[in-house]
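Trainee: Got a structure for you, written out below as structure tokens; questions coming shortly.
Here's what the structure looks like:
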């Protein structure tokens with residue numbers, strides 16, 4: 105049993121280590137029938153607790169959302185972003201790999217459910233500072249890090265930085281016509 109497997113199991117079943125200790129069968133043997141049976145039992149307990157619909161119970165508890173970042177590495181991509189924003193919202197996340205606040209914000213975004221109607225671009229500020237400066241000039245926003253910009257119809261209609269960045273607000277703004 106590796107620590108990563110155990111943590112993954114805890115995250116998927118939304119269990120704390122104390123709850124895991126209380127269930128003796130919940131040992132970390134991924135190929136063992138005992139483990140699978142106890143995992144199913146624990147998931148069912150969680151399903152009842154959260155009263156999830158039957159067809160989505162297992163899926164809702166175990167699916168991890170994956171952010172499909174598009175790397176923003178060239179200034180020519182900015183013209184493409186503007187053009188695409190007339191068809192669907194475009195989100196640019198400006199991230200500093202040296203900043204812990206930026207790392208926490210990126211992690212929080214990646215754990216959230218992204219809106220299906222938007223493309224998400226990832227800009228590494230340390231490697232591509234000139235692109236960040238061009239973004240600030242083209243979209244008339246003040247540079248900050250971390251920062252998220254929502255582009256619609258060729259213009260920045262929403263921007264937020266630091267702890268103000270959250271996926272719910274991005275989704276709400278992306279869905280406004």
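In this note's numbering, the protein residues as written are 105 to 281.
Glycine residues also receive a C-beta, built at the ideal position from the N, C-alpha and C atoms.
1) Kindly list the residues whose CB is nearer than 7 Å to the CB of residue 128, restricted to its own chain and excluding five residues on each side of it in sequence; keep chain order.
2) In three-state DSSP terms, what is residue 205?
3) Assign residue 175 to buried or exposed, taking buried as 16 or more other Cβ atoms, counted over all protein chains shown, within 10 Å of its Cβ.
4) At the level of alpha carbons, what is the spacing between residue 226 and residue 215?
5) Between 171, 280, 278 and 199, which lies nearest to residue 217 when the distance is taken from Cα to Cα?
6) Where does residue 224 sit, in a helix, a strand or coil, going by DSSP?
7) My understanding is that residue 223 touches residue 182, with C-beta atoms under 8 Å, so please give their C-beta distance in whole angstroms.
8) Near residue 237, which residues of its chain fall below 8 Å by C-beta distance, leaving aside the five closest residues on each side in sequence?
9) Measuring straight from C-alpha to C-alpha, what distance separates residue 278 and residue 189?
10) Out of 250, 257, 239 and 255, point me to the one whose CA is closest to residue 212's CA.
11) Taking only three categories from DSSP, how would you classify residue 189?
12) With DSSP as the reference, label residue 236 as helix, strand or coil.
13) Between which two residues does the beta strand (DSSP E) containing residue 196 stretch?
14) Excluding the 5 residues flanking residue 205 on each side, which residues of the same chain have their C-beta closer than 8 Å to its C-beta?
15) Could you tell me the distance, in whole angstroms, from the CA atom of residue 271 to the CA atom of residue 186?
Mentor: In brief:
1) By one-based count along the chain shown, residue 128 stands at place 24. Model confidence at residue 128 stands at a pLDDT of 43, short of 50, so the residue's coordinates are unreliable; what they give is reported in the following sentence. Within the same chain, and ignoring the five residues on either side of residue 128 in sequence, no residue has its Cβ closer than 7 Å to its Cβ.
2) Here residue 205 refers to the residue found at position 101 when the chain shown is read from its first residue. In the structure shown, residue 205 sits in a helix (DSSP, three-state: H, G or I).
3) Within the chain shown, residue 175 is the residue found at index 71, counting from 1. Exposed.
4) Position 122 of the chain shown, counted from the start, is the residue given in the question as residue 226. Position 111 of the chain shown, counted from the start, is the residue given in the question as residue 215. A straight line joining the alpha-carbon of residue 226 with that of residue 215 spans about 15 Å.
5) Indexing the chain shown from 1 puts residue 217 at position 113. Residue 171 is the option with its Cα nearest to residue 217.
6) Residue 224 sits at position 120 when you count from the first residue of the chain shown. DSSP places residue 224 in strand when its eight states are reduced to three.
7) Sequence index remark: in the chain shown, residue 223 carries index 119 (1-based). Sequence index remark: in the chain shown, residue 182 carries index 78 (1-based). That pair is no contact at about 13 Å.
8) For the purposes of this step, residue 237 is taken as residue 133 along the chain shown, with counting starting at 1. 247, listed in sequence order.
9) Position 174 of the chain shown, counted from the first residue, corresponds to residue 278. Position 85 of the chain shown, counted from the first residue, corresponds to residue 189. Approximately 11 Å, taken between the alpha carbons.
10) Translated into positions along the chain shown, residue 212 becomes position 108. The shortest CA-to-CA distance from residue 212 to any of 250, 257, 239 and 255 is the one to 250.
11) Your numbering for residue 189 matches position 85 in the chain shown. It is coil, neither helix nor strand.
12) Numbered from its first residue, the chain shown carries residue 236 at position 132. In this structure, residue 236 counts as helix in the three-state DSSP scheme.
13) As a first step, residue 196 must be located in the chain shown, where it is residue number 92. Where residue 196 is concerned, the enclosing beta strand (DSSP E) stretches over 194 to 199.
14) In the chain shown, the residue the question calls residue 205 occupies position 101. Result list for residue 205: 250, 266 and 267, in chain order.
15) Reading the chain shown from its first residue, position 167 is the one you call residue 271. Reading the chain shown from its first residue, position 82 is the one you call residue 186. Their Cα atoms are separated by approximately 21 Å.
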